[in-house]
Amino acid sequence: MFKSLPPIENLLRRILHAQDIAELDALEHECFGRKNGVFTIAFTAISSLKPNLRKTDAMSLNTLKTQALAALRDQRAALGKANRNTLAENPLDLTIDLPPSPRGHLHPIPSFMEELEDVFGRMGFDVAYGPEIETEELQFDLLNFPREHAARDAQDIFYLSLPAAPGNRWLLRGHTSPVQIRYMRTHTPPFRMICPGKVYRKDDDATHSPMFHQVEGMMIDRDISLANMKAVMIAAVQELISPETEFRFRTGYFPFVEPGLEMDMRWRNEGEWMEIAGCGMAHPNVLANCGIDPKSWQGFAFGFGVERMIMIRDGIPDIRLFFENDPRFLEQF
Ligand code: PHE
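In the working numbering, the protein residues as written are 664 to 996.
(1) Could you tell me which uninterrupted beta strand (DSSP E) segments, each at least 3 residues in length, are contained entirely in the stretch 847-926, listed from first to last along the chain?
(2) At which residue ranges does the stretch 926-960 contain complete alpha helix (DSSP H) runs of 4 or more residues, listed in the order of the chain?
(3) Using DSSP with H/G/I as helix, E/B as strand and the rest coil, what is Asp756?
(4) Name the two residues that bound the continuous alpha helix (DSSP H) containing Thr1070.
(5) Please classify Ser824 as buried or exposed, where buried requires at least 16 neighbouring CB atoms within 10 angstroms.
(6) Restricting to runs no shorter than 4 residues, where is the alpha helix (DSSP H) found entirely within the stretch 725-798?
(7) Taking the alpha-carbon of Gln877 as reference, which of Ala869, Ile857, Met892 has the nearest alpha-carbon?
(8) Using a threshold of 6 Å, is the CB atom of Phe821 nearer than that to any non-hydrogen atom of ligand 1?
(9) Three or more C-beta pairs closer than 8 Å, one from the stretch 956-971 and one from the stretch 744-764: is that the case here?
(10) Exposed or buried, Ala894, counting other C-beta atoms within 10 Å across all chains shown (16 or more means buried)?
(11) Within the chosen definition, does the stretch 834-852 reach the stretch 796-813 through at least 3 CB pairs nearer than 8 Å?
(12) Give the straight-line distance between the Cα atoms of Gly837 and Gly880, rounded to the nearest whole angstrom.
(13) In three-state terms, what does DSSP make of Ala964?
(14) Given a cut-off of 7 Å on the beta-carbon distance, is the pair Pro918 and Phe808 in contact?
(15) DSSP three-state label for Leu668, please.
(16) Considering only C-alpha positions, which residue in the set Phe695, Asp868, Leu674 is nearest to Asp981?
(17) In angstroms, rounded to a whole number, what distance separates the CA positions of Leu950 and Arg885?
(18) Using C-beta distances below 8 Å, list every residue in its chain close to Gln908, excluding the 5 sequence neighbours before and after it, in chain order.
(19) Cα-Cα, which of Cys942, Gln961, Gln682, Glu938 is closest to Asn948?
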């Protein structure tokens, strides 16, 4: 028989003990590698024999080759299965811990205004919004401002150079009272409403900003007095800021209320008084201008400055901090 048949016992044992695919690949190469594979060499050697001598050896060699191929295939399958079993027992953990991304939050003004809507909402107040570009008629005329009133001055109000009806002008609203006019024209008393929003005036210092926020409101019914007004305003502010606050009311002039008052606030027994609202009993002319009979209905109106309340709540010295968007300020809320 052909002398150099591959040492198949040894090869089969090594194949069946291979620990991983790489070792198996190496053994397959050792058997069938194109240059030095033991089978490759043996087949070349056989082909050089005389045909009559070739036959038996070729048959034995083919049997060995089949055994080797089968062993390689079986062990390859066995290793693959073991691999899958390990995967099932120890599934790969594909979660990735990304670095935490910072979460934003509402700016202190809209967040405070949400609270305001909530507090007044629980006292039965509806919420209404209106445009920031208004007419002189809604900003002044219907609110009982005389034509020559100083508040109409271009020193205070931003007028727009848009064409308007004769005797009227477009402007950026300087208070949210026009929303009350719009509301009174479209609702019948009794009602309670607030109107939060942005307003614009030509003011600019530590406690005044050319754009700021107000929440005005009114309550109209048959028998409403200043006592109801004070109760509502004090309850709202104490809930929004703290029961440890105190208030004083001074007389003040606003053409659309009679009598008119200003409300100041401070922490109990300490700090400076700061004006936070104008208020008073809705003027009969204003009710009549909006189709509400002042002989049957009466009520109060008020207008809070939103920034000022937050300034008192959090001890903020300068209103301009709200609008500079400095993260060192905003992140404190
Ligand atoms: N509209 C007034 C202002 O902006 C505030 C106010 C509202 C005063 C309601 C009295 C009553 O100054």
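Where a beta carbon is used, it is the ideal one built from N, C-alpha and C, also for glycine.
Straight from the coordinates:
(1) 854-863, 874-884, 908-914
(2) 947-952
(3) Stepping through the sequence shown from its first residue, residue 756 is reached at position 93. Asp756 falls in the coil class under three-state DSSP.
(4) The structure shown does not extend to residue 1070, since the chain is modelled only from 664 through 996, so no value can be given for it.
(5) Here the question's residue 824 lines up with position 161 in the sequence shown. Exposed, because fewer than 16 other Cβ atoms sit within 10 Å of the Cβ of Ser824.
(6) 771-785
(7) For the purposes of this step, residue 877 is taken as the residue at position 214 of the sequence shown. Residue Ile857 is the option with its Cα nearest to Gln877.
(8) For this step, residue 821 is matched to residue 158 along the sequence shown. Not so, every heavy atom of ligand 1 lies at least 6 Å from the Cβ.
(9) no
(10) Taking the sequence shown and counting its residues from 1, the one referred to as residue 894 is at position 231. Ala894 comes out exposed.
(11) yes
(12) Here residue 837 corresponds to residue number 174 of the sequence shown, with the count starting at 1. Here residue 880 corresponds to residue number 217 of the sequence shown, with the count starting at 1. Gly837 and Gly880: Cα-Cα distance of roughly 15 Å.
(13) Taking the sequence shown and counting its residues from 1, one reaches residue 964 at position 301. Three-state DSSP puts Ala964 in a strand.
(14) In the sequence shown, residue 918 corresponds to position 255, counting from 1. In the sequence shown, residue 808 corresponds to position 145, counting from 1. Yes, they are a contact pair.
(15) Taking the first residue of the sequence shown as position 1, residue 668 is located at position 5. Three-state result, Leu668: coil.
(16) Counting from 1 along the sequence shown, the entry for residue 981 is found at position 318. Here the closest residue by C-alpha is Asp868.
(17) Translated into positions along the sequence shown, residue 950 becomes position 287. Translated into positions along the sequence shown, residue 885 becomes position 222. Whole-angstrom Cα-Cα distance: 13 Å.
(18) Numbered from its first residue, the sequence shown carries residue 908 at position 245. Reading the sequence as shown, one finds Thr at residue 908 and not Gln. So the list reads Val900, Gln901, Met928, Arg929, Trp930, Arg931, Ile975, once near-sequence residues are dropped.
(19) Taking the first residue of the sequence shown as position 1, residue 948 is located at position 285. The option with the nearest alpha carbon to Asn948 is Gln961.
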